[in-house]
Amino acid sequence: MGEKNTKQSAVASMQKVTMNRWQVAFMLFCLVAAGAFGIEDMIPTSGPGMTIIMLAVFAIIWAHPISRIVSELSALMPGEGGIYVWAKETLGEFWGFAMSWWGTLSIYLGLSVYIVLMTDYASSFIPALTDPIIGLTVRLAIIAFFMIINLIGLKEASWVNTVLSIVILFAFALVTVVGFANWQYNPIEPVVPKGQSIIDSLGGSIMIVVWMYCGYECISNMAGELKNPEIIPKGFTIVMPIIALSYILPTVAGLVSIGHWKEWGTDGIGYGDVLGQCLGYGWGVGFLTVAVICNSAIYNAYVVAGSRGFFVMADDNLAPRFLVRTNKRGMPALSILLLSVCTAVMSQFEFSTLVIMLMPLSLMVYVILGICLLKARKEFPVEKRNCWYIKNPTMAKIFAVLPMVIAVISLLVNGTEYFLLGFCSIGSAVIFYLPIKWVYGGLNKIDAVKFPLNPKTRLAQGDLQRFGAFFIAFGLYAIIGSLFLLWYEGSWGPEYYLELYETGLISNFWLMLKVARIGGAIGTALGLVLLAIGRKSDPSTWHGTGDWGIWASDK
């Protein structure tokens, strides 16, 4: 079967730093919020009243549960890679790969958006940036600057985000004060647009508000580099109300001061107009620099988080081994470089269809996150821990289930094209796991006795059952989802998608539903077959690496 590989892991050789709760809080602020930009599109779609209600309610039913889940799992398993470690330890090697694949891929493919937004906002007061050559040069310079910061060290990257966060919070506090000082309109009137139901208003913006409160789990990606990972729950305590208030207060202030809720949007009225109309044109133009700073903060934070994903997987032989190389300062140099190069290339193109496929990846992370919490509590009872955990067991279950339910609903009501293409991006985890496991060996390469392979499939023991569960779950979801979408969008969907996309699969509503049903039936059947074969000839022997029990008892 082979012997255990005792070579020190690349993760263990990384630079370890101490961070205080404010540094963690500001890193979280940049990963999740970094300003209220994006909320503007919710206001005309769902109505001013419903927008404010959703921002307040989702802070409680979506953001708070996720923060508690991440806090408990970070305290129990403060390993580099966060979500990868949690899924691997509780559910097995394949699910660890899938979690990290979904989370890291969404960062790799979506990070270029922030670079483009930076130059777009900056071009409003620096017209020369509209020149293709100058614009490209500036984008590359921005990417290079943040790459260097991240190569220097985690501490330095966190200080950059701390400074940027303070500037952002000050700017939106100014919007809040100025807006309230010029109160003229009722901020919640109307609650929903005339002739629109509450369900329509929720469906129109649920993905935006979910996205506005996404990113909490990314802080765990660098937990293995912290000498004091127990600081993460303390950082959450600080930042949770700050994020919610940084969304709600400026939005209310904007609505009460300049009104015209139908004209709000990323291409219409925005937060800068509060300063522009109340203090003068120059203030509004100046606020555009805050938009550049906001996107800079988000970009820097996600370079930190995204560069750790494939690095940790490579350390477990689930990604190309060259990605485990670190520089003299203990930073994952090649991973940071690869992410920067990928961002530079993708910032030159328009990927509208690709963006449609990205959000389902993030939503899947939150579904599995809840399962990880429930499994961790079963495998390692809280009574045996000496670290932070959710004290009320009933609330722990509620916190685990709520994000799952909201994620599933969000994918359904966001549109048939998101629903269908989401299966492609989510299914890519299986497609890439197979060759990577066969080529690099996974955990079996580290300890062949503890992590045995199925000699027939050359996959981890029990993977056939895991694949079976995967295909059954998504097959049934595709079938049920197609029925829901027929009810939800059937009266207007055919004309809407044809007008929006004109040609191709996603322009044909009925064809999309047909593909979902047929694909769901095939997936369910395949899953049942794999599950049956797996139970008979491929029993799961997974019990985790054993490291997380040590982490829990050492705190």
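So the working numbering is basically just the index in the sequence shown, starting at one, shifted up by 2.
Virtual Cβ for every residue (Gly too), placed ideally from N, Cα, C.
As the structure is a prediction and not an experimental result, all values here were calculated from the model.
Following the DSSP letters along the chain, one finds E74 inside the alpha helix (DSSP H) bounded by residues H66 to L78.
Cα atoms of L156 and L528: separation of roughly 45 Å, rounded to the nearest angstrom. Relative to the Cα of H66, the nearest Cα in the group V517, V403, Y498 and L502 belongs to V403.
Distances from the alpha-carbon of G270 to those of G256, G546 and E42 put E42 closest. The residues I233, in chain order, have a CB closer than 8 Å to that of N22 in the same chain once the five nearest residues on each side in sequence are set aside.
Take the alpha-carbon of W103 and the one of W285: they are about 43 Å apart. Closest option to P235, judged by alpha-carbon separation, among S73, W440 and I508: S73.
Of the candidates V347, R460, G40 and P437, R460 places its Cα closest to the Cα of N446. Using a 10 angstroms sphere on the CB of C426, the tally of other CB atoms stays under 16, which defines it as exposed. The C-alpha of G282 is placed about 43 Å away from the C-alpha of Y368. Cβ-Cβ distances below 7 Å link G372 to I71, A402, V403, P405 and M406 in the same chain, with the five nearest sequence neighbours on each side left out; the list follows chain order.
When S342, F96 and T526 are compared, the shortest CA-CA separation from A480 is found for T526. Under the criterion of beta carbons closer than 8 Å, G37 and C296 qualify as touching, at roughly 4 Å. For N456, the three-state secondary structure derived from DSSP is strand. Taking C-beta atoms as the reference points, Y304 and I109 count as a pair closer than 8 Å. When only Cα atoms are considered, S69 and E491 end up about 33 Å apart.
Counting along the chain, D317 sits inside the alpha helix (DSSP H) bounded by residues Y283 to D317.
Under the 8 Å Cβ criterion, the segment 306-316 counts as touching the segment 328-348, having at least three qualifying pairs. Taking the Cα positions, V254 is about 15 Å away from A173. Fewer than three beta-carbon pairs drawn from the segment 385-392 and the segment 451-458 are found closer than 8 Å, and the two stretches are therefore not classed as touching.
For the beta strand (DSSP E) assignment, the segment 390-474 encloses no uninterrupted run of at least 3 residues.
Here E95 is buried. Its C-beta has 16 or more other C-beta atoms within 10 Å. Annotated three-state conformation of L228 is strand, per DSSP. Pairing G84 with A225 gives a Cβ-Cβ distance under 8 Å. Not a single unbroken stretch of the beta strand (DSSP E) spanning 3 or more residues falls wholly within the segment 496-546. Relative to F313, the option among Y301, V326 and G51 whose CA is nearest is V326. Under the three-pair Cβ rule at 8 Å, the segment 255-269 counts as touching the segment 175-187. Ranked by how close their Cα comes to the Cα of M348, the residues F99, V115 and L75 have V115 in first place. A residue is called buried when at least 16 other Cβ atoms come within 10 angstroms of its Cβ; E82 meets this threshold and is buried.
Runs of the beta strand (DSSP E) lying entirely within the segment 108-196 and spanning at least 3 residues: none are present.
If you compare the alpha carbons of S430, S48, N394 and I136 with that of W263, the shortest gap goes to S48. When DSSP reads this structure, I271 sits in a beta bridge with W266. By the CB criterion at 8 Å, S167 and F39 fall outside the cutoff. Comparing C-alpha distances from A462 to each of L360, P437, I482 and V177 shows the shortest one belongs to P437. Shown here for S15: same chain residues with a beta carbon closer than 8 Å to its own, the five before and five after excluded, namely T328 and G332 in chain order.
Distances from the alpha-carbon of R537 to those of I524, D465, S493 and A518 put D465 closest.
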